[in-house]
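Respectively, the protein sequence lines represent chains A and B.
Letter by letter, the first sequence follows residues 540 to 866 of this note's numbering.
Letter by letter, the second sequence follows residues 5 to 193 of this note's numbering.
What follows is a single structure, written as structure tokens, with notes after it.
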Amino acid sequence: MKYSPIRSFLGGALLAALLLPEAMADDISSLTPLQWLGRMSQAAHELNYDGIFVYSHDGHMQTMRIVHGRSDGNERERLLALSGPSREVIRDNDNVTCILPDDNEVVVERTGPGRRLPLDLPERLESLERYYSFTDGGNERVAGHSARKIVITPLDRYRYGHALWLHSDKGLLLRAELYNEDGLAVEQLMFTTLQFHDSLPVAQLEPETQGRDVIWQRDRGREDTPDEAGMWTVGELPPGFVLENHRHHFMPGAGNSVEHLLFSDGLASVSVFIEPETEGQPGMAGGSRLGAVNAYTRSLEGHSITVMGEVPPVTARRIADSVSLRN
Amino acid sequence: MEDHTSEQLSALVDDELHGPALRQALERLRRDGDMQGRWGRYHLISDALHANLSAADSSSLHLRVRQALESEPTLLAPRRKARLPLLAKQAAGVAIAASVAAVAILAIRQPDIQPGGDAFAPATVAQMARPAHDMVQLASTGSPAVAVVGQSTRGRLNPYLVNHNEYSVSSGMQGVLPYVRIVSNEKAK
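Dropping the structure here:
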């Protein structure tokens with residue numbers, strides 16, 4: 540996904556339309572659920588905020604703090620695990636620093652695509668209506684803030700449902716739940732405290748772990764390469780899923796690069812990983828579940844194909860089955 | 005000899021071996037295909053006795069035990085300090101995603117320090133036994149079509165998972181959620 544002037548313009552126009560202050564206040568009650576989602580997407584990138592949330596998935600629960608600042612067009616964000624191993628992720632525009640004091644190690648890396656706001660958001664949101672229904676769930680309260688609940692229900696069996704609670708005035712996501720095919724929440728996130736600021740002191744966005752004996756390492760050498768024409772092709776996908784990204788990754792311990800295809804219906808994303816099977820490592824096959832994520836692995840032409848995403852098992856399986864070797 | 009093997013295996017399965025006896029048993033287990041098969045069956049028996057088994061999973065248990073063993077060779081050299089930098093080094097040169105994955109895997113392997121015992125030995129047994137056992141136990145509570153993965157499978161899927169999170173563009177929670185998923189990545193139970 541590249542920036543283009545038209546998209547930038549659209550993005551700017553959307554931003555202007557969505558963030559018009561007080562004047563908009565009266566109209567907020569008449570916003571459609573899709574317009575709420577547009578506000579949400581924008582708000583996460585544009586606002587200065589500092590909050591603590593609980594994240595629960597797969598039977599685990601964790602507390603994290605997030606500090607997000609935006610000034611002079613620069614975005615900086617700090618995510619800090621408050622429970623469990625002390626880990627910290629700092630994003631400075633496209634640079635991501637991951638601090639993992641488990642081992643006194645710091646790794647810096649440029650992010651992949653997708654960290655930026657998708658500037659074709661309005662079109663994207665419209666196409667979503669073919670696969671999900673969006674309903675207004677009324678007003679509720681989260682972390683002491685008034686919130687609007689938006690319920691997203693899949694129209695077929697290929698995707699999961701969501702409920703999102705958005706800050707009534709600012710649009711920021713305050714609470715989210717992801718529901719599996721049985722209607723059970725498989726992933727939940729909820730702020731318990733949240734403050735908005737006009738601007739944030741720089742210190743708030745500095746890593747807390749810096750004073751320790753950490754080694755700063757800058758990623759260099761082998762870069763992941765974007766790749767348009769891979770060896771593999773996909774046939775019939777579940778409706779609405781389109782190829783978003785296609786690249787080769789190098790992974791630790793793997794001599795060969797792994798081909799990575801990313802599909803999305805605009806809300807759910809599914810990754811396809813293809814790598815040669817190694818000698819003596821019997822191919823793992825079939826479906827598996829990691830919390831909200833379903834994975835399906837199969838073997839084809841001496842390669843192992845793994846599909847995973849926050850989608851029902853049937854979607855992962857269908858996408859895996861659609862992969863074939865390009866002629 | 006035969007009896008000795010059975011006894012040794014029994015003790016291993018029951019987490020009763022320590023020190024050199026443990027190392028010897030593990031080394032044998034690693035080399036001896038028959039013993040691995042038997043180790044798998046012992047666990048199967050134990051799980052069947054405890055009614056932890058779902059019918060679908062019993063047939064492939066042996067294979068999965070082997071797989072679990074093959075994918076966790078470092079456990080046979082349980083010097084924790086020695087293997088941390090190695091994995092960390094691997095991690096440092098590649099993508100951030102991959103590095104987090106490596107750490108997540110490390111976290112899984114952190115020995116559980118048990119009071120009063122040799123910190124390394126019991127942990128090793130626990131780690132050896134855990135993958136196969138977990139798979140069986142968790143699978144029986146999961147939905148029949150999809151198995152909840154054991155630690156070794158999870159370890160294998162982990163780099164994928166982190167890459168998936170890095171690149172996924174789920175619209176609204178973007179910016180936060182992919183990293184939340186990475187930071188909260190699986191840790192030792």
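Where is the CB? At the ideal position from N, CA and C, for every residue including glycine.
My output table needs one value for residue i: the three-state DSSP class, helix, strand or coil.
| i | result |
| --- | --- |
| residue 19 of chain B | coil |
| residue 571 of chain A | coil |
| residue 774 of chain A | coil |
| residue 24 of chain B | helix |
| residue 32 of chain B | helix |
| residue 720 of chain A | coil |
| residue 865 of chain A | coil |
| residue 817 of chain A | coil |
| residue 163 of chain B | helix |
| residue 11 of chain B | helix |
| residue 620 of chain A | strand |
| residue 798 of chain A | strand |
| residue 744 of chain A | helix |
| residue 714 of chain A | strand |
| residue 632 of chain A | coil |
| residue 700 of chain A | strand |
| residue 614 of chain A | strand |
| residue 803 of chain A | strand |
| residue 79 of chain B | Bear in mind that the predicted position of residue 79 of chain B carries a pLDDT of just 39, short of 50, making it unreliable; the figure below should be weighed with that in mind. Note: residue 79 of chain B maps to helix in three-state DSSP. |
| residue 666 of chain A | helix |
| residue 187 of chain B | helix |
I'd like the span of the beta strand (DSSP E) that includes residue i, first residue to last.
| i | result |
| --- | --- |
| residue 734 of chain A | 724-736 |
| residue 679 of chain A | 671-681 |
| residue 589 of chain A | 587-596 |
| residue 601 of chain A | 599-610 |
| residue 707 of chain A | Counting along the chain, residue 707 of chain A falls outside any beta strand (DSSP E), and DSSP gives it neither H nor E. |
| residue 835 of chain A | 832-839 |
| residue 782 of chain A | 781-788 |
| residue 687 of chain A | 684-693 |
| residue 828 of chain A | 825-829 |
| residue 625 of chain A | Counting along the chain, residue 625 of chain A falls outside any beta strand (DSSP E), and DSSP gives it neither H nor E. |
| residue 843 of chain A | 842-848 |
Report yes if the CB atom of residue i is closer than 8 Å to the CB atom of residue j, and no otherwise.
| i | j | result |
| --- | --- | --- |
| residue 628 of chain A | residue 621 of chain A | no |
| residue 701 of chain A | residue 691 of chain A | yes |
| residue 826 of chain A | residue 852 of chain A | yes |
| residue 601 of chain A | residue 188 of chain B | yes |
| residue 785 of chain A | residue 796 of chain A | no |
| residue 667 of chain A | residue 782 of chain A | no |
| residue 735 of chain A | residue 709 of chain A | yes |
| residue 697 of chain A | residue 624 of chain A | no |
| residue 699 of chain A | residue 719 of chain A | yes |
| residue 587 of chain A | residue 685 of chain A | no |
| residue 799 of chain A | residue 167 of chain B | yes |
| residue 861 of chain A | residue 774 of chain A | yes |
| residue 863 of chain A | residue 772 of chain A | yes |
| residue 687 of chain A | residue 575 of chain A | yes |
| residue 32 of chain B | residue 39 of chain B | yes |
| residue 577 of chain A | residue 664 of chain A | yes |
| residue 13 of chain B | residue 42 of chain B | yes |
| residue 185 of chain B | residue 162 of chain B | no |
| residue 615 of chain A | residue 770 of chain A | no |
Within the continuous alpha helix (DSSP H) that includes residue i, where are the two ends?
| i | result |
| --- | --- |
| residue 855 of chain A | 852-861 |
Residue i and residue j look like a contact to me (Cβ under 8 Å); what is the Cβ gap, rounded to whole Å?
| i | j | result |
| --- | --- | --- |
| residue 811 of chain A | residue 780 of chain A | No, residue 811 of chain A and residue 780 of chain A are not in contact; Cβ-Cβ is about 11 Å, not under 8 Å. |
| residue 583 of chain A | residue 733 of chain A | Contact flag wrong, Cβ pair sits at about 12 Å. |
| residue 704 of chain A | residue 681 of chain A | 5 Å |
| residue 630 of chain A | residue 638 of chain A | Residue 630 of chain A to residue 638 of chain A, Cβ: 12 Å. No contact. |
| residue 717 of chain A | residue 814 of chain A | Wrong, their Cβ atoms sit about 28 Å apart, outside the cutoff. |
| residue 613 of chain A | residue 634 of chain A | 11 Å between Cβ atoms; not a contact. |
Would you say residue i lies against chain D (beta-carbon separation less than 8 Å)?
| i | result |
| --- | --- |
| residue 168 of chain B | In the structure shown, chain D does not exist; the protein chains are A and B. |
* To do: Take every Cβ of the region 18-36 of chain B, pair it with every Cβ of the region 841-857 of chain A, and state whether three or more of those distances are shorter than 8 Å.
  => no
* **the region 604-611 of chain A in contact with the region 739-747 of chain A per 3-pair CB rule at 8 Å** => yes
* Inter-stretch contact (C-beta, 8 Å, three-pair minimum) for the region 8-24 of chain B and the region 828-845 of chain A -> no
* Three or more C-beta pairs closer than 8 Å, one from the region 830-841 of chain A and one from the region 667-676 of chain A: is that the case here? -> no
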